[in-house]
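Notes follow the structure.
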Ligand SMILES: Cc1cc2nc3c(=O)[nH]c(=O)nc-3n(C[C@H](O)[C@H](O)[C@H](O)COP(=O)(O)O)c2cc1C
Ligand code: SF4
Ligand code: SF4
Ligand code: SF4
Ligand code: SF4
Ligand code: FES
Ligand code: FES
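Protein chains in written order, with the numbering used here: chain A, 1 to 574; chain B, 575 to 725; chain C, 726 to 1144.
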């Protein structure tokens, strides 16, 4: 341990700690911009300045490690003056577009300017004037708002290993974006949106499409239906001022009705359906010598990734569409039939933790209902904004039930939201289908948790099934390398593009750091245990769907509506 | 691009050799063509965005086409006080292009550089790395004439 | 009149640099042989005792630096010769490498033996392609003679050298940025600690020394630490190469004991101001150095004496500025240099150099106000206080010293502004 004093408070912290960590330990807040709790220290923004007795100049608290007897001052006039001087320099070349900005009210730079009481910038403003990149359906990159903290680079390069983003030029001309100043849709970007999770400003954000929903709601000829993904409820609570997971599901349904949705359903329903299809696909591959390991296919960021980087492994990919797209295909066929409405009238909206889902919904493969299966994807953050726009306080909304036929779900569908959840849900069902016995313990805890790559072996009536789970594309890449090299003998592999799974998705409330991911995962499993039904094959509405419409898993109708094939991206990209 | 393959082969195994390879490409093509950058990135197993970040960091590396003779004019303080502006003026007039441009016949490109370490002979230019010092307008014209002669 | 004393330039112009035989005839590589007959720690001690301090600008004690690396156990260690020489007005390293490439190689080999490194790199700036050629030729010759390469010595010591070319980035003279660049990356500085001596190139203990520093090493081994220690200023002993540029009558260079004064440099070696004009200022240490007035010309040019008057010795470049020059215009040129050369990693320097240039341009155009001068002060203050590396810390030095010693041109320009 190292002893030091910060603002006259004695602190004792493990050696190797930074001044920032020591200050946090005694509840002192030092402002930061480039610092991110899950990332290596970059120390480039220089706003975390503090005074250290005897040191030359001011020190960056995020990178300076403590030494015995150090005397640190974090709130002196000199320190304030210096922090201000740094932020002034940022603002001098910043658009200061706050009122029109996607981050208005939730921007780290804005907060900082606010906290420091910046009233006047002594420099004539001159912004770079670089074009916004709106080339993908998922993201907007606005280089003018970039403060070059490089948090996105750590995520895109090190965590996701996608390397769509890089630095360009140097000095005052430095900017962040794809090589050759190309657009994101010409890069390897998989649209996972993880960069939007860490960007402190409005430089990297989801592509907002709230207006499209408002237009649809205003159109009397449209029936606006919605589905929401398993990971939405737990995290949306954070957007509306409740503790994680404390937003009641039926209250949320009530809130969505207030927003004007005509029908409210749940993606958990098709998550259960996915398990039926995918579980049977796995059994078929196991029994008939199909390509193994089978890789899950419900994470669209992951789909983009395998198409770009591992097209040779596309045969390993399950042919199942994602729950969102299964839902989309069914709502305009099955539900339309049952409800007796013209599918052309249906405007299908999904609420997702994910930016890549926006791209997925727009794929040409996704028109099996005869229409664009999903018309609009809004992220958790957007739906939170919508509630605020509408002045709806979810703490005061009366609960409401889901609409019939596509709203029932089990705990297995719920846990799709966390890493390992698809695997666990599949194992619950596959086990019972194969053995005919009821599972004594539904909790496959080996599948759970934030470990990057998890492996397990499960006994299915004498057959050992080897499974693996990876979340975050860097981990996925490691697994793919092993599979490509023939070094892995798994049967079934779950991959989620985002660290922590969908609860950590690119469209989830900010700030999604690893600590927050763990809290959300906890909330997901709490929801699971609280449900009476926890196995996909017990979902009554899924059973009804098979009897009345699909026939059986992997049947003709399933193949037509619920399965697809992906193709290698033409790659100049890498 | 066989020459490119030769460069890849020569430097691929050199630890940290990407920048050396960029130099070699530039010696061959006067700049780093997009195709070459992509090839090198792949060969060195450096993601394209990073390779581009490296190439665009260094002022000696150019990502846009340049002429056969790259004339760089030193604009650092010692050359500045000794009349670099005059040299710029003469070159721009003689070649009828502005700084940063290439003559239509692709023969000359004009660029600024910071100090090239020949500061006892200010003002200084380099042509394809070869320094020329103690320049006057007349001397600049003489030098240009040499390079204009078909060789 | 003061006389030159040539240590790093001892063979300059006297031998054919492309002939290793010539170097050998002049006693070349004998210091290496001599070093190999002693334990490595003794060599480190000798360099310590000699009081040799870095000639790259920071003046760190070379022996102490070597000691760190010697004491850090590792399978592989490296010697890097910093030949990036990007400081405008400086060409001393070029002179050494041009005139005596083997001296640098010998210095590196001794350093390698002293700290336990078997591999050396010379990082030579891209602006010196002809020097790179010469160095490569010298290395070939040394390999042929069995002086470099694998296991060539009875003592089982082997040392080889590779030359790498920079690509136009002043910041790559900063040792950690240089290492990044050697690793094939963008040349952006790393956080220190860890220092290169402990974790440098590819994470291995690495000694980074300037060309001139390494070129002094064979002399120290040959003549002994005490002999070196007795030359020049006691706290910064030895000789230093100065390069004289600008409005000096005889532009050029000289290698002199470190207790030389600025006046001696400008008047004895440079022949005074060119064209019989009056001196306005000298800038010492390169473009990041201080502008000093006539009244300080009797200051000794060693590191500590320069620091005492708010200046730096830096690279040893001396820019003479006569009375006719517009200092505000010169300030704009200097600011433009730093704006162009800032790596862009940290806010105070990336944005600061940009604004510094803009403000000075505005003032130079006669459009500046008193307020702008105050903003300038605030800006330079934050750059020196908060930048990530030495570039941002020192970029304001020339402007700060101009404002300190030559405020009139700035005030006049600002006051000429109506209203
Ligand atoms: C911006 C900047 C530029 C530098 N440029 C050089 C250079 O061109 N040559 C050099 O030897 N040292 C340069 N240095 C100093 C090096 O970081 C390092 O201190 C030096 O190479 C160590 O060698 P020495 O102890 O022998 O001087 C520079 C430092 C900074 C901060
Ligand atoms: S990024 Fe932040 S500071 Fe910049 S315009 Fe948007 S809200 Fe304002
Ligand atoms: S969305 Fe994902 S892949 Fe695309 S730039 Fe952001 S982090 Fe990289
Ligand atoms: S885009 Fe955002 S996260 Fe990336 S460097 Fe810029 S401000 Fe930081
Ligand atoms: S001070 Fe900052 S921006 Fe400037 S060169 Fe150093 S790290 Fe780069
Ligand atoms: S938070 Fe410390 S430098 Fe950015
Ligand atoms: S200043 Fe122009 S060559 Fe050095």
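Glycine included, every Cβ here is placed at the ideal spot set by N, Cα and C.
- Task: Kindly indicate the opening and closing residues of the beta strand (DSSP E) around residue 471(A).
- Result: 463-471
- Item | Rounded C-alpha distance that separates residue 538(A) from residue 185(A) | 41 angstroms
- Quick one: is the Cβ of residue 110(A) within less than 7 angstroms of any heavy atom of ligand 2? yes
- Can at least three beta-carbon pairs, one atom from the region 319-326 of chain A and one from the region 505-522 of chain A, be found at a separation below 8 angstroms? no
- residue 980(C) bridges to which residues according to DSSP? 966(C)
- residue 1134(C) beta carbon less than 8 angstroms from that of residue 1051(C): yes
- Task: Could you work out which residues of chain A lie near residue 626(B), taking near to mean beta carbons separated by less than 7 angstroms?
- Result: 166, 168, 179, 180
- Message: In this structure, how does DSSP classify residue 1129(C) when only helix, strand and coil are distinguished?
- Response: helix
- What are the boundary residues of the beta strand (DSSP E) that includes residue 647(B)? 643-648
- Go through the residues and name those whose CB comes closer than 6 angstroms to any heavy atom of ligand 4, in chain order. 146(A), 147(A), 148(A), 149(A), 150(A), 151(A), 152(A), 176(A), 198(A), 199(A), 200(A), 201(A), 203(A), 204(A)
- Task: Please confirm whether any heavy atom of ligand 6 lies closer than 7 angstroms to the CB of residue 33(A).
- Result: yes
- Task: Can you tell me which of 565(A), 4(A), 6(A), 39(A) puts its alpha carbon nearest to the alpha carbon of residue 303(A)?
- Result: 565(A)
- Message: Can you determine whether any heavy atom of ligand 5 sits closer than 7 angstroms to the C-beta of residue 1113(C), and answer yes or no?
- Response: yes
- Message: Could you check whether residue 422(A) and residue 244(A) sit closer than 8 angstroms to each other, using their CB atoms as the reference points?
- Response: no
- Sorted by chain position, which residues of the same chain lie with C-beta nearer than 8 angstroms to residue 453(A)'s C-beta, five sequence neighbours on each side aside? 468, 469, 470, 475, 478, 479
- Residues within the region 64-95 of chain A neighbouring chain C, beta-carbon criterion of under 7 angstroms: 82, 85, 86, 89, 90, 92, 93
- Item | Beta-carbon separation (whole angstroms), residue 440(A) vs residue 536(A), contact threshold 8 angstroms | Not confirmed; about 18 angstroms, so no contact.
- Start-end ranges of the alpha helix (DSSP H) lying completely within the region 302-336 of chain A, minimum 4 residues: 323-330
- Return helix, strand or coil for residue 73(A), following the three-state DSSP convention. strand
- Return the residues of the region 1102-1128 of chain C that lie within a Cβ-Cβ distance of less than 8 angstroms from chain B, sorted by chain order. none
- Output yes if chain A places a C-beta closer than 8 angstroms to the C-beta of residue 1069(C); else output no. yes
- Task: Could you spell out the range, first to last residue, of the beta strand (DSSP E) harbouring residue 552(A)?
- Result: Note, residue 552(A): premise wrong, no beta strand (DSSP E); not H, not E.
- For my contact list, residue 998(C) and residue 990(C) are in at a C-beta cut-off of 8 angstroms; report their separation, rounded to the angstrom. Wrong, their Cβ atoms sit about 13 angstroms apart, outside the cutoff.
- Using the beta-carbon of each residue, which ones in chain C are nearer than 7 angstroms to residue 534(A)? Ordered by position in chain C, no residue passes the 7 angstroms Cβ test against residue 534(A), which lies about 49 angstroms from the chain.
- Query: How would you label residue 1129(C), buried or exposed, when you count the other beta carbons within 10 angstroms and need 16 or more for buried?
  - Reply: exposed
- Burial state of residue 583(B), where buried means 16 or more other Cβ atoms lie within 10 Å: exposed
- Item | Three-state secondary structure (DSSP) of residue 991(C) | helix
- Report the three-state DSSP secondary structure of residue 147(A) (helix, strand or coil). coil
- Query: According to the Cβ coordinates, are residue 738(C) and residue 824(C) closer than 8 angstroms?
  - Reply: yes
- Query: Can a CB atom of chain C be found closer than 8 angstroms to the CB of residue 594(B)?
  - Reply: yes
- Message: Taking the straight line between their C-alpha atoms, what separation do you get for residue 501(A) and residue 768(C)?
- Response: 58 angstroms
- Message: Strictly closer than 5 angstroms from CB to any heavy atom of ligand 7: give me those residues in the order they appear in the chain.
- Response: 648(B), 650(B), 652(B), 653(B), 689(B), 690(B), 692(B), 693(B), 698(B), 813(C)
- Task: Would you kindly work out how many angstroms separate the C-alpha atoms of residue 222(A) and residue 438(A), rounded to a whole number?
- Result: 44 angstroms
- Item | residue 97(A) CB to nearest heavy atom of ligand 2 below 7 angstroms | yes
- Inter-residue spacing [alpha-carbon to alpha-carbon] between residue 610(B) and residue 576(B): 11 angstroms
- residue 582(B) (DSSP reduced to helix, strand or coil): helix
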